[in-house]
Amino acid sequence: MYIYHIFFIHSSLDGHLGCFQVLAIVNNAATNIRDSRLRHYSSCPLGARDDAQDARAYFTTPIFYVNAAPHIGHLYSALLADALCRYRRLRVPSAAATRFSTGTDEHGLKIQQAAATAGLAPAELCDQVSAQFQQLFREASISSTDFIRTTEARHRVAVQHFWGVLKARGLLYKGLYEGWYCASDECFLPEAKVTRQPGPSGDLCPVSLESGHPVSWTKEENYIFRLSQFREPLQRWLRGDPRAITPEPFHHAVLQWLEEELPDLSVSRRSSHLHWGIPVPGDDSQTIYVWLDALVNYLTVIGYPNAEFKSWWPTTSHIIGKDILKFHAIYWPALLLGAGMSPPHRIYVHSHWTVCGQKMSKSLGNVVDPRSCLDRYTVDGFRYFLLRQGVPHWDCDYYDEKVVKLLDSELADALGGLLNRCTAKRINPSGTYPAFCTTCFPSEPGLVGPSVRAQAEDYALVSAVATLPKQVADHYDNFQIYKALEAVSSCVRQTNGFVQRHAPWKLNWQSPVDAPWLGTVLHVALECLRVFGTLLQPVTPSLADKLLSRLGVSATERGLGELYFLPRFHGHPCPFEGRRLGSETGLLFPRLDQSRAWLLKAHRT
Ligand code: MSP
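Numbering (the working numbering), first residue to last: 69 to 673.
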């Protein structure tokens, strides 16, 4: 007696149900269940959709400060958003359904001071550094649909309108603000969050307990936002939507913060002190606080204050680093509620990259330049590394050897080697997707017979790869892209084991006994590779394209709706069987250790 497990994939990234699709049937054979399996197949045409799939989704990265050049931490924020967004496009291919914004945060004291230090006008510094971010993102294949700069006129309109709404709703008042301000972090700090550290001259200087950045005492009349009124609404929002902030520890942390008192928030500065920003409407003596200015970028991009923005808000997923959680999970939702709008749909939070165990900083001189990493490890290689090694709920350490080791073992040897083993001329002389023989590999395990060649481990492989898309969907849904990649990598290893076990290079195409099994081994391995290539598209778009093209998978066969794994095993026609493979375009991912050795040598001389 066998048991069937039928797995359904549902679109889960944004919590909406999507296309139901039977993905796997494992271990078994009861006729009545097999019939229901067939029904599921026939009732789910390729690309089947439901209404929810047509819903829009809007992804955002934080907007990046332009006080310094981009580093790998910034690229990581953008890559996480890019992978989520690309994954969503695989599920919902309609271009109109997904929007993805990034940009630069150009106002505030931090930028004003950085420009003064560099001897540049603030606008000049902004132009230079914003261009560096744009270039980096182009080079790193960040597939954003919008790039916003907060110095654009459209943004000033949006911010001043937003301010007007808060004012009209009685949420802004003028009052005396006195306390610590940290220009590097652009935030106000209570005494309890300030400590003293020896400065350059040996004197004790006040610094932020969290970031270690210097703070200064501020006493001035400002506009103040009635943040304290929003403590309970924020608690209700978060308790009612446990997935609002992902991963869970960050959701929990915000609820903990909300247990404490939530003081009102100063949302403007004296223009004489901060001139580089957006003036308060009707009061030029005050400049709008840079965080209020920056957060509104998410609305500017979608056309606020024009009504068109409503078709994108609040279907929003913000991707942010943990250092800016308070601004996105407390200030921003409170400001939105204050303006009569809903909080964002999801906030995905990631941790930080350190370098050889240390925080990255200009003063330590250990900032890793992402562009040289893209050059050295290739765009897809470096994207894969950051997303495979980056764990959202804890900090990750960067060092070069780690990149080389990971890429050589997972992309060059395991994945590239597997592709090579199944497509090389000597093993696949016809250069086609060979036929699958159901007698050699019956869908019912445990059968014995002279032509049955599949073993128990082979059924385990089929089951693992069949359930992989669902696992990957769940990992994306939980913002665990590294786990999605780990799952793919583990299946790649298993597929290599399958090929190794059956050693197709020892089988002979000319032998009527060997040939059907040889074709089946290659067919199964190519089907596995097709699944891997499809699922890797959000992370390594060019490499996945190269892989799928080599398999002869056309552009319209690469979506998740088309991902029927091994249909012949389930008694269905396989559109790839007998198809010519794509042309040979060299190694999928050349090993790096050779070129690294050369690079290190070049460095030394
Ligand atoms: N300008 C604000 C964001 C405003 S959004 C309305 C800001 N800018 S930032 O340039 O300092 O940071 C941008 C993103 O880069 C943040 O998500 C931050 O967490 C991320 N990172 C900065 N350093 C990082 C690491 N060392 N590692 C990973 N990400 C890090 O904050």
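Where is the CB? At the ideal position from N, CA and C, for every residue including glycine. None of these values were measured; they are calculated from a predicted model.
Cut-off 7 Å between Cβ atoms - residues of its own chain near residue i, not counting five sequence neighbours on either side
i      : result
ASP476 : ARG659, LEU660 and ASP661
ASN365 : ILE131, GLY171, ILE216, THR218 and HIS223
TRP285 : TRP248
SER80  : Only weak support exists for where SER80 lies, its pLDDT of 33 falling under 50; the coordinates are left without a value.
SER519 : THR507 and CYS508
TYR445 : PHE453, VAL471, LEU475 and LEU660
ARG647 : THR500, TYR501 and GLY620
ALA226 : VAL364, LEU367, THR368, TYR372 and PRO373
GLN539 : ALA555
LEU655 : GLY484
GLU190 : One point to set straight first is that residue 190 is Pro, not Glu, in the sequence displayed. For PRO190, where only same-chain residues beyond five positions count, the Cβ hits under 7 Å are ILE179, GLN180, ALA183 and TRP344.
Neighbourhood of residue i by C-beta, 8 Å cutoff - its chain only, sequence neighbours within 5 removed
i      : result
GLN200 : ALA137 and PRO138
ARG264 : LEU272, CYS273, PRO274 and VAL275
PRO113 : The predicted position of PRO113 is uncertain, since its pLDDT is 27 and thus under 50; no value can be drawn from it.
ALA528 : GLN562
Other residues of its chain near residue i: CB distance less than 6 Å, five sequence neighbours each side excluded
i      : result
ARG337 : THR355
VAL556 : PHE600 and LEU603
PHE504 : THR588, HIS591 and ARG636
ARG489 : VAL567
TRP585 : CYS508 and ARG521
GLY243 : ILE292
ASP118 : At ASP118, the pLDDT of 37 sits below 50, so the modelled position is not reliable; the number obtained from the coordinates is stated separately. Nothing listed; no residue qualifies.
LEU575 : ASP582 and LEU586
CYS464 : TRP421, GLN457 and GLY458
GLY371 : PHE377
HIS319 : ILE313
ARG102 : Low per-residue confidence applies at ARG102: pLDDT is 30, beneath 50, and the placement is therefore not dependable, though the value from the model is reported in the following sentence. Cβ within range, chain order: n/a, list empty.
Beta bridge counterpart(s) of residue i as assigned by DSSP
i      : result
HIS386 : THR128 and ILE415
GLY176 : DSSP, once it has assigned bridges, lists no residue as partnering GLY176.
GLU246 : LYS287
LYS427 : THR422
ILE216 : GLY171
GLN354 : ARG338
PRO347 : THR355
ILE313 : ILE415
LEU240 : PHE293
Residue i - containing alpha helix (DSSP H), residue span
i      : result
ASP332 : Note, ASP332: premise wrong, no alpha helix (DSSP H); not H, not E.
ASN564 : 549-570
LEU306 : 299-308
TYR527 : 524-545
ASP150 : 140-159
CYS490 : 485-491
PRO401 : 400-406
SER276 : Not the alpha helix (DSSP H): SER276 falls in the beta strand (DSSP E), residues 272-276.
ASP448 : 447-457
VAL322 : 316-325
ALA236 : 221-236
PHE600 : 582-604
ALA612 : 609-619
LEU367 : 365-368
8 Å contact criterion, which residue i and residue j should meet: CB distance rounded
i      : j      : result
HIS175 : VAL369 : Between VAL369 and HIS175 the Cβ distance is about 16 Å, and since that is not below 8 Å, they are no contact.
LEU148 : ILE549 : 7 Å
LEU553 : ARG456 : 4 Å
ALA522 : CYS508 : 7 Å
PHE633 : ALA534 : 5 Å
ALA312 : ARG414 : 7 Å
LEU597 : LEU611 : The Cβ separation is near 12 Å, so there is no contact.
THR314 : PHE547 : 5 Å
SER279 : SER252 : 7 Å
PRO317 : HIS461 : 6 Å
LEU143 : PHE127 : In fact, because the Cβ distance is near 16 Å, the residues do not count as touching under 8 Å.
SER440 : ARG124 : That pair is no contact at about 37 Å.
GLN228 : ILE346 : 7 Å
VAL233 : VAL134 : So it is not a contact: roughly 28 Å between Cβ atoms.
PRO438 : ILE140 : 5 Å
Delimiting residues of the beta strand (DSSP E) encompassing residue i
i      : result
GLU289 : 284-293
ARG264 : 262-266
PHE256 : 255-257
VAL197 : Segment 190-207 is the alpha helix (DSSP H) holding VAL197; no beta strand (DSSP E) there.
LEU465 : Leu is not the amino acid found at residue 465; the sequence shown has Asp there. First-last of the beta strand (DSSP E) with ASP465: 464-466.
CB contact below 8 Å: residue i versus chain C
i      : result
SER296 : This model lacks chain C altogether; it includes just one protein chain.
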